[in-house]
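Notes for the one structure printed next.
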Amino acid sequence: MNSIRIQGGIALQGKVLIQGSKNAVLPVLAATLLTQECSCIRNCPRITDVHSMVCLLKALGCHVCWQERGIVIDSSRMREGELPQEAVTGMRSSLCLLGALLGRCNEVVMEYPGGCVIGERPIDLHLSALRQMGVEFTEKAGKLRAAAHKLHGAHIRLPFPSVGATENIILAGVMAEGDTVLEGAALEPEIRTLCRFLCCCGAWIDCAGENRLVIHGGRRLYGTDFTVPSDRIVAGTYLFGCIGAGGNVLLEHAPVEEMGAVLETARRMGGHVCVSSEGIYVQAPERPHSLELITAPYPGFPTDLQSVVLAVQAMGDGCSHIRETIFENRFRIVEELEKMGACIERKDSRSVTVRGVRSLHAACVEARELRGGAALVVAGLMAQGESLVRGCSYIYRGYENICRDFRELGARVTSV
Ligand code: EPZ
5 MNSIRIQGGI ALQGKVLIQG SKNAVLPVLA ATLLTQECSC IRNCPRITDV
55 HSMVCLLKAL GCHVCWQERG IVIDSSRMRE GELPQEAVTG MRSSLCLLGA
105 LLGRCNEVVM EYPGGCVIGE RPIDLHLSAL RQMGVEFTEK AGKLRAAAHK
155 LHGAHIRLPF PSVGATENII LAGVMAEGDT VLEGAALEPE IRTLCRFLCC
205 CGAWIDCAGE NRLVIHGGRR LYGTDFTVPS DRIVAGTYLF GCIGAGGNVL
255 LEHAPVEEMG AVLETARRMG GHVCVSSEGI YVQAPERPHS LELITAPYPG
305 FPTDLQSVVL AVQAMGDGCS HIRETIFENR FRIVEELEKM GACIERKDSR
355 SVTVRGVRSL HAACVEAREL RGGAALVVAG LMAQGESLVR GCSYIYRGYE
405 NICRDFRELG ARVTSV
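So in the numbering used here, the last spot in the sequence shown is 420, and the numbers never skip.
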């Protein structure tokens with residue numbers, strides 16, 4: 005069941021409950037290692053990246069179990085050691101274990117986290133920041149060994165607001181001796197969620213300024229009961245899906261306060277968007293309005309929704325210009341969209357021009373990464389006829405059940 009069959013040309017109608025946030029929950033799961041107690045994480049999405057993280061936590065000796073109310077992690081009997089190879093190489097998001105394990109046991113040996121289709125995914129910013137905190141990096145049998153005789157605070161300036169590097173600095177900093185001042189921190193909501201979780205556990209973190217954090221280290225952390233926010237990228241995927249396929253939908257529990265740039269873009273595309281305590285209500289325009297879109301670090305437009313806007317603009321009412329500033333290779337779906345009749349010109353490696361066509365036709369297309377795969381499902385909803393999206397294991401890394409969700413909105417979508 006690694007493909008999705010879509011009967012396109014049907015406007016969406018109805019409401020869908022938005023799942024918990026993948027990019028918020030992964031660093032929180034890693035942070036449970038710092039408490040040596042039991043923590044309950046509510047609204048945890050059941051996605052393959054979470055299952056992979058759970059495998060890693062169990063391999064380290066944690067007791068993990070899913071309950072109705074969420075996932076419970078007991079890290080009291082964690083043993084130190086190498087992370088299992090098969091789990092780390094396949095998943096970038098385990099990189100946040102680097103900071104957590106350094107904070108917990110001052111040493112970790114792990115595979116070099118792999119790059120992926122969207123980019124080389126270097127870790128130089130992580131390494132240079134952690135070195136300032138007393139961490140030494142060496143190579144051991146082809147793996148990355150990180151060890152700190154004594155983890156200590158530092159004054160760190162990030163030249164780019166890397167989300168992952170910010171998370172690792174926070175995870176190491178709460179356990180380091182002394183204070184860590186981080187300038188140039190990433191501002192993504194997932195960072196605030198991680199800080200909120202750690203403060204619930206007893207940490208002291210000052211979100212001192214626009215992008216300046218002060219992490220007061222050396223405090224004992226305790227288990228807690230924490231609820232993860234809804235996933236802003238999943239909500240945005242369904243929001244733009246409606247704008248592309250037509251109709252009107254309610255995205256229940258969407259994290260409205262984290263979606264300013266997304267809602268502004270949806271309105272620029274002609275969507276009629278209302279927010280309420282229930283979530284986000286959107287009514288699609290007759291045809292998506294073309295626009296200029298540039299991705300940027302938060303609070304700018306999120307790179308993770310660039311692909312789905314590109315897919316929707318394939319049927320826009322004019323020429324759209326899309327520029328990707330975060331990852332160097334996030335246009336792999338262009339060739340797949342062209343199979344459906346899209347008219348897209350690659351200006352350079354970081355920008356494309358999309359000339360909207362009146363209709364797309366169904367095709368068999370290939371997902372090659374998570375967000376591009378979700379965008380191809382949206383394109384299938386827009387196209388006339390029955391499309392097939394293959395390689396959907398990528399999509400299940402971040403979407404609990406994209407078929408179930410779109411069916412809730414009246415789409416004819418089945419996994420096959
Ligand atoms: C996180 O990735 C997210 N992943 C990504 O979501 C998201 O697209 C990205 O942040 C940006 O918002 C998770 O949270 C698990 P970065 P991360 O470090 O931490 C370069 C999804 O689909 N860079 O902010 O890897 C890097 O190459 C995923 O859910 C360095 O050069 O993002 C990239 O060009 C995809 N050196 C840019 O910075 C470094 O040491 C942004 O990377 C680190 C990063």
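Using N, Cα and C, we set each Cβ at its ideal position, and we do this for glycine too. Everything numeric in this text was worked out from a predicted model, so none of it was measured.
Asked	Found
Classification of T184 by the beta-carbon crowding that lies within 10 angstroms, buried from 16 upward	buried
Close beta carbons around V121, own chain, < 8 Å, minus the five adjacent residues each side	N333, R336, R372, E373 and G376
Whole runs of the beta strand (DSSP E) within the stretch 185-225, excluding any shorter than 3 residues	208-210 and 216-220
Residue from R236, T241 and Y242 with nearest C-alpha to E262	R236
Any non-hydrogen atom of the ligand EPZ within 7 Å of I337 CB	no
Proximity of E339 and Q11 at Cβ, strictly below 8 Å	no
Collapsed DSSP secondary structure at T241 in the structure displayed	helix
The ligand EPZ heavy atom lying under 7 Å from the CB of G13	no
Residue ranges of each beta strand (DSSP E) within the stretch 120-185, 3 or longer	139-144, 147-152 and 159-161
Three-way DSSP call (helix, strand, coil) for M114 in this model	strand
Start and end residues, alpha helix (DSSP H) containing C407	I406 to E412
Cβ neighbour criterion (16 or more within 10 Å) applied to T418	exposed
Proximity test, E404 beta-carbon vs the ligand EPZ heavy atom, cut-off 7 Å	no
Short CB-CB distance (under 8 Å) between L102 and chain B	Chain labels in this structure do not include chain B; a single protein chain is all it has.
Within the stretch 226-301, ranges of the alpha helix (DSSP H) (whole runs, at least 4 residues)	236-249 and 264-272
C-alpha distance - E328 paired with T299, whole-angstrom precision	5 Å
Alpha carbon of L217 to alpha carbon of E370, nearest angstrom	41 Å
At least 3 beta-carbon pairs within less than 8 Å: the stretch 344-360 vs the stretch 278-287	no
For A150 and E102, believed in contact at Cβ under 8 Å, the rounded distance	Note that residue 102 corresponds to Leu in the displayed sequence, not to Glu. That belief holds up - the Cβ atoms of L102 and A150 are roughly 6 Å apart, short of 8 Å.
Own chain, CB closer than 6 Å to L33, minus 5 neighbours either side, in chain order	M57
Nearest to T48 (by Cα), restricted to the options L64, P31, S294 and P301	Sequence inspection shows Cys at residue 48; the Thr mentioned does not correspond to that position. For C48, the nearest C-alpha among the options comes from P31.
Runs of alpha helix (DSSP H) lying entirely within the stretch 353-417, each at least 4 residues, in chain order	374-386 and 406-412
Cα-Cα separation, A387 to A367	9 Å
Three-state secondary structure assigned by DSSP to V420	coil
Of the residues E290, H55, A133 and A378, the one placed nearest A1, counting alpha carbons only	Absent from the structure is residue 1, since the part of the chain shown begins at 5 and ends at 420.
Any non-hydrogen atom of the ligand EPZ closer than 7 Å to V167 Cβ	yes
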